[in-house]
Amino acid sequence: MFQRGDAFAFDNPAAVDAFGYLVRLINDDHVAPPASATNDNSDFSRNQFLAGKMALFQSGTYNLAMIAQQAGFRWGLAMLPAGPQGRVSVTNGIAAAGNSATAHPDAVRQVLAWMGSIDGNAYLGRRGAAIPAVLGAQRVYFEHWSARGVDVTPFFAVLRGLRMPAPGGAGFAAGFQALKPYFDEMFLGRADVAATLSQAQRAANAAARR
8 MFQRGDAFAF
18 DNPAAVDAFG
28 YLVRLINDDH
38 VAPPASATND
48 NSDFSRNQFL
58 AGKMALFQSG
68 TYNLAMIAQQ
78 AGFRWGLAML
88 PAGPQGRVSV
98 TNGIAAAGNS
108 ATAHPDAVRQ
118 VLAWMGSIDG
128 NAYLGRRGAA
138 IPAVLGAQRV
148 YFEHWSARGV
158 DVTPFFAVLR
168 GLRMPAPGGA
178 GFAAGFQALK
188 PYFDEMFLGR
198 ADVAATLSQA
208 QRAANAAARR
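Below is the structure:
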């Protein structure tokens with residue numbers, strides 16, 4: 008668990024185990040890039056994969072089109088690894104919101120209605136950029152990747168397992184900025200995992216409440 012409602016709630020035994028596992032992968036097993044390279048560069052792992060220097064890149068559908076365009080080698084998708092509780096995936100989505108104070112409410116309603124239609128949503132999937140939320144528009148997404156020889160089944164098969172929502176909420180951005188220095192030190196292997204999660208949670212929730 009990372010959040011409970013809008014509150015950060017990662018100071019719990021299961022999270023200590025999960026983050027401890029990640030820290031060991033980085034600093035003991037050396038099967039993940041060092042945190043000194045990734046803490047301040049969220050694109051590092053993707054770029055290493057595209058350069059042929061990393062065998063496995065864990066990501067989501069949002070990077071698929073870029074990898075297809077830039078990878079100079081054969082690649083494919085694999086299922087999310089299974090942990091002690093099986094495969095637990097994070098699900099999220101993108102929402103479009105209109106301004107209720109607009110001087111053109113009818114125009115805003117028309118645009119939002121089109122974006123939520125099959126025709127409007129199909130633009131997201133036509134070139135494989137994103138999975139359309141409208142089921143009737145998803146056909147073009149599957150057709151695009153099938154034509155390129157990419158089996159996107161793993162992104163959908165994993166949904167049959169356990170899922171958790173992506174973190175978010177009104178104070179998430181401020182809270183995330185507050186927890187980042189703590190997490191950076193933890194991933195560098197310079198801070199105790201349990202103590203760091205406790206400190207980071209307090210700092211994140213304090214920042215989110217401001």
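In this note's numbering, each number is its position in the sequence shown, counted from 1, plus 7.
Each residue gets a CB set at the ideal place from its N, CA and C atoms; glycine is no exception.
Contact defined as beta carbons within less than 8 Å: I believe residue i pairs with residue j. What is the distance between those atoms, to the nearest angstrom?
i: VAL147; j: GLY132; result: 5 Å
i: VAL30; j: PHE194; result: 6 Å
i: ALA144; j: ILE125; result: 5 Å
In or out: residue i buried (at least 16 other Cβ within 10 Å) or exposed?
i: SER52; result: buried
i: TRP121; result: exposed
i: PRO139; result: buried
i: PHE56; result: buried
i: ALA25; result: buried
i: PHE17; result: buried
i: ALA58; result: exposed
Under 8 Å Cβ to Cβ from residue i, same chain only, skipping five residues before and after it: list those, please.
i: ALA181; result: ALA214, ALA215 and ARG217
i: SER96; result: LEU87, VAL165, LEU166, GLY168, LEU169, ARG170 and MET171
i: ALA211; result: PHE15, GLY182, PHE183, ALA185 and LEU186
i: MET61; result: PRO40, SER52 and GLN55
i: VAL38; result: LEU32
i: PHE80; result: GLY59
i: TRP1; result: Absent from the structure is residue 1, since the part of the chain shown begins at 8 and ends at 217.
Bridge partners for residue i per DSSP, in chain order?
i: PRO172; result: THR98
i: GLY93; result: GLY90
i: GLN10; result: PHE15
Grab me the residues of residue i's own chain with a C-beta within less than 7 Å of its C-beta, minus the 5 sequence neighbours each way, in chain order.
i: PHE190; result: ALA207
i: TRP152; result: GLY135 and VAL159
i: ARG155; result: ALA75
i: PRO112; result: none
i: LEU71; result: GLY135
i: ASN19; result: MET8
i: THR68; result: ALA137, ILE138 and PHE162
i: GLN77; result: LEU57
Residue j and residue i - do their beta-carbons sit closer together than 8 Å?
i: VAL157; j: ALA89; result: no
i: VAL23; j: LEU142; result: no
i: LEU13; j: ALA177; result: It should be pointed out that residue 13 corresponds to Asp in this sequence rather than to Leu. The answer is yes: Cβ separation under 8 Å.
i: PRO174; j: GLN10; result: yes
i: THR109; j: VAL115; result: yes
i: ALA42; j: ILE33; result: yes
i: VAL200; j: GLY93; result: no
i: PRO188; j: LEU84; result: no
If you drop the 5 nearest sequence neighbours on each side, which residues of the same chain put their C-beta closer than 6 Å to that of residue i?
i: ALA198; result: GLU192
i: ALA137; result: LEU131
i: ASN99; result: ALA173
i: ALA129; result: ALA144 and VAL147
i: GLY105; result: VAL115 and LEU119
i: GLY123; result: none
i: ASN46; result: ASP191
i: LEU63; result: none
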